[in-house]
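Novice: Following the UniProt record's numbering, the residues of the sequence shown are numbered contiguously, the last one being 464. Input: one structure, supplied below.
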Amino acid sequence: MHSFRYTQGELFAENVSLQSLAEKHGTPLYVYSKATVTDHFTRLDAALSPLDHLICYAVKANSNLSILSTIAKLGGGFDIVSAGELYRVIKAGGDPRKCTFAGVGKTRDEIVYALEQGVYCINAESEAELRYINQVAGEIGKKAPVAVRVNPNVDAKTHAKITTGKSENKFGIEFENILEVYGRVAAEMPNLEIRGLQMHIGSQLTSVDPFVEAVKKVTPLVREVKEKHGIQFFSIGGGIGINYKQSLDSGDEAWWEENSEVHPLTVQAYAEAVVPHLAPLGLRILCEPGRFMVGNAGVLLTKVLYEKRGAAKTFKIVDAGMNDLIRPTLYEGWHLITPVKQPNTDEVEKVDVVGPICETGDFLAQNREIPLVKEGDYLAVLSAGAYGFTMASNYNTRPMPAEILVDGDKATVVRERQTLDDVLKGEHIA
Ligand code: LLP
């Protein structure tokens with residue numbers, strides 16, 4: 035579900051008018067719905083309830099402290115990829131003992147920090163990394179809990195830039211080598227404790243088939259590793275896709291039931307497909323959703339600055355650019371764009387919605403039919419809660435946007451808009 039809906043022609047996040055937020059806090063502005071995050075967590079948690087499981091939310095999708103705190107309070111764990119993300123989790127009240135540490139390039143400082151904080155597991159992606167974690171753990175007198183990430187060589191059938199489980203990708207260790215690697219860990223790396231096995235085949239999967247294929251392929255291996263090394267868990271990674279093309283009416287349960295074929299991948303379908311393969315393992319199952327949890331829980335509000343009618347195209351020039359939301363240009367990501375106040379006409383026009391950045395790739399939508407909007411109107415870019423703010427940058431010396439969390443009638447500024455002095459902080463003229 036999501037909690038963004040029109041009431042009397044005006045778009046609301048839960049019970050808060052987005053027009054009022056844009057006017058009060060300025061744009062570009064990210065607005066998140068706490069109810070949506072809570073609903074997504076609760077539904078996934080329920081769907082996985084036949085298993086001993088832990089949801090480790092992938093912090094990279096949206097690392098705002100209030101989002102992390104919401105998930106921590108629901109009992110969630112976290113999948114982190116840097117010392118910075120672990121620091122955020124701890125600041126937000128999350129439990130390091132429910133954290134898994136992923137990523138191919140962990141540094142010494144990060145490994146030390148993670149071990150000192152007592153993370154549940156470090157997921158290693160190469161033998162070189164395992165040896166290094168062993169060395170660092172020895173030096174600081176700790177035993178490091180580790181899992182190996184297996185690359186199952188399964189095609190996730192998603193965008194090439196977010197496919198991770200194929201042999202040509204940099205992630206994980208080849209399926210065929212996993213047992214040998216675990217053998218060497220057990221024999222040669224005394225400062226490591228083998229705790230689990232992990233996989234993650236890609237992001238924004240819109241069918242259960244690749245998940246099932248990967249789970250079917252890897253579970254026999256999990257059994258063998260369990261027998262030989264007594265592991266506690268198997269992590270099936272993240273990757274549950276969301277429906278970027280959902281209509282604004284599609285938030286309520288009745289709509290989902292009637293239109294289940296429209297949604298590419300429901301959590302029920304996902305759980306029904308994977309649980310039967312996972313339950314017999316008798317292990318704790320970890321799941322690392324990012325986008326599913328927060329994608330449809332956030333919008334990016336932007337103001338139409340100018341209209342420009344060119345010979346070939348009409349451009350709506352808005353105040354949010356690729357530095358605020360890079361998905362359209364980086365992954366051909368399609369985000370629904372809709373006026374915050376519905377115009378008094380059903381007329382639409384085909385436009386490019388472009389930002390102020392000096393690059394041709396700076397667009398939020400191309401050749402898109404949107405309702406008539408004029409200069410000064412606000413637009414909402416939907417499904418921007420995941421990989422939106424976290425991938426934003428100061429390119430063109432543009433301050434990072436503010437972020438708001440809506441909870442019922444209440445809207446809280448959960449991150450202030452950067453000032454120009456914030457942007458320049460730490461810079462010196464030689
Ligand atoms: N676990 C691992 C090890 C990952 O690398 C990722 C995402 C996740 C979990 C969470 O995946 P999710 O459930 O969100 O699909 N910036 C891209 C997505 C990059 C995903 C990177 N890894 C985008 O905007 O589409």
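Glycine residues also receive a C-beta, built at the ideal position from the N, C-alpha and C atoms. Here the structure is a predicted model, which is why all the values come from computation and not from measurement.
For Phe267, which of helix, strand or coil comes out of DSSP?
Specialist: Of the three classes helix, strand and coil, the one that applies to Phe267 here is strand, per DSSP.
Novice: Is the Cβ-Cβ distance between Val438 and Tyr154 less than 9 Å?
Specialist: For the sequence presented, residue 438 should be read as Ile rather than Val. Not closer than 9 Å, so no.
Novice: Quick one: give me the first and last residue of the beta strand (DSSP E) that Gln400 is part of.
Specialist: Per DSSP, Gln400 belongs to the beta strand (DSSP E) from 397-405.
Novice: Examine ligand 1 and report whether any of its heavy atoms sits within less than 8 Å of the Cβ of Ala399.
Specialist: No - ligand 1 has no heavy atom lying nearer than 8 Å to the Cβ of Ala399.
Novice: Is it the case that the CB of Ile196 approaches a heavy atom of ligand 1 more closely than 8 Å?
Specialist: Indeed, a heavy atom of ligand 1 lies less than 8 Å from the Cβ.
Novice: Confirm the yes/no value for this check: CB of His193, any heavy atom of ligand 1, distance under 8 Å.
Specialist: Yes; taking the cut-off as 8 Å, the Cβ of His193 has a heavy atom of ligand 1 nearer than that.
Novice: Looking at Leu417 and ligand 1, is the gap between the Cβ and the nearest heavy atom below 8 Å?
Specialist: Strictly speaking, residue 417 in this sequence is Ser, with Leu absent from that position. No, since every heavy atom of ligand 1 falls outside the 8 Å radius drawn around the Cβ of Ser417.
Novice: Could you have a look at Ile114 and say whether DSSP puts it in helix, strand or coil?
Specialist: Ile114: strand per DSSP, three-state reduction.
Novice: Exposed or buried, which one is residue 488 when buried takes at least 16 other CB atoms within 10 Å?
Specialist: In the structure as shown, the chain starts at 35 and stops at 464, and residue 488 therefore has no counterpart that could be examined.
Novice: Do the CB positions of Gly128 and Gly110 come within less than 9 Å of each other?
Specialist: It is a contact, given that the beta carbons lie within the stated cut-off.
Novice: Quick one: what's Val338 bridged to in DSSP?
Specialist: Note: Val338 sits in a beta bridge opposite Val352.
Novice: Where does Gly230 sit, in a helix, a strand or coil, going by DSSP?
Specialist: The answer is strand: DSSP assigns Gly230 an E or B state.
Novice: Taking the C-alpha atoms as reference points, what is the distance between Leu364 and Thr336?
Specialist: Cα-Cα distance, rounded: 19 Å.
Novice: On the DSSP letters alone, give me the boundaries of the alpha helix (DSSP H) that Ile145 sits inside.
Specialist: Counting along the chain, the alpha helix (DSSP H) containing Ile145 begins and ends at 142-151.
Novice: Quick one: Cα of Glu247 to Cα of Ile270, how far?
Specialist: Going by the C-alpha atoms only, they are around 12 Å apart.
Novice: Is it the case that the CB of Phe326 approaches a heavy atom of ligand 1 more closely than 8 Å?
Specialist: Within the cutoff, so yes.
Novice: Give the DSSP bridge partners of Ser67, in chain order.
Specialist: Per DSSP, Val440.
Novice: From the DSSP output, in three-state form, read off Gly217 for me.
Specialist: It is helical.
Novice: Beta-carbon within less than 8 Å of Glu341's beta-carbon, same chain only, minus the 5 sequence neighbours each way: which residues are those?
Specialist: For Glu341, where only same-chain residues beyond five positions count, the Cβ hits under 8 Å are Thr348, Phe349, Lys350, Ile351, Lys408, Glu409.
Novice: With a 10 Å radius around its C-beta and 16 neighbouring C-beta atoms as the bar for buried, classify His462 as buried or exposed.
Specialist: Classification for His462: exposed.
Novice: Tell whether a beta-carbon distance below 9 Å holds between His369 and Leu398.
Specialist: Taking 9 Å as the Cβ cut-off, His369 and Leu398 qualify as a contacting pair.
Novice: Which residues does DSSP list as the beta-bridge partners of Ala158?
Specialist: According to DSSP, which records beta bridges pairwise, Ala158 is partnered with Val182.
Novice: Quick check: what's the CA-CA separation for Ala313 versus Leu85?
Specialist: In a straight line, the C-alpha of Ala313 is about 6 Å away from that of Leu85.
Novice: Of the residues Lys260, Leu317, Ala414, which one's Cα is nearest the Cα of Asn330?
Specialist: If we check each option's Cα against that of Asn330, Ala414 comes out closest.
Novice: Taking 8 Å as the threshold, find out whether the region 242-257 comes into contact with the region 146-153 through three or more Cβ pairs.
Specialist: In short, these stretches do not touch, since the Cβ pair count stays below three.
Novice: Should Val333 and Ala47 be called a contact, given that it needs their Cβ atoms to be closer than 9 Å?
Specialist: Their beta carbons are under 9 Å apart, which means Val333 touches Ala47 by this criterion.
Novice: For Gly442 and Thr197, I'd like the C-alpha separation in whole angstroms.
Specialist: Their Cα atoms are separated by approximately 37 Å.
Novice: List the endpoints of the continuous beta strand (DSSP E) containing Arg39.
Specialist: Start and end: 38-41.
Novice: Which same chain residues, not among the five before or five after Arg325, have their C-beta less than 6 Å away from its C-beta?
Specialist: So the list reads Ala95, Ile276, Ala420, once near-sequence residues are dropped.
Novice: Is Val301 closer than 9 Å to Ile101 when the C-beta atoms are compared?
Specialist: No, these two residues do not count as a Cβ contact at 9 Å.
Novice: How about Ala190 and Ile235: do their beta carbons lie closer than 9 Å?
Specialist: Contact flag set, yes.
Novice: If the criterion is Cβ atoms closer than 9 Å, does the pair Glu227 and Val180 meet it?
Specialist: Result yes, Cβ atoms of Glu227 and Val180 sit closer than 9 Å.
Novice: Report yes if the C-beta of Glu322 is less than 8 Å from at least one heavy atom of ligand 1; otherwise report no.
Specialist: Result yes, Cβ under 8 Å from ligand 1.
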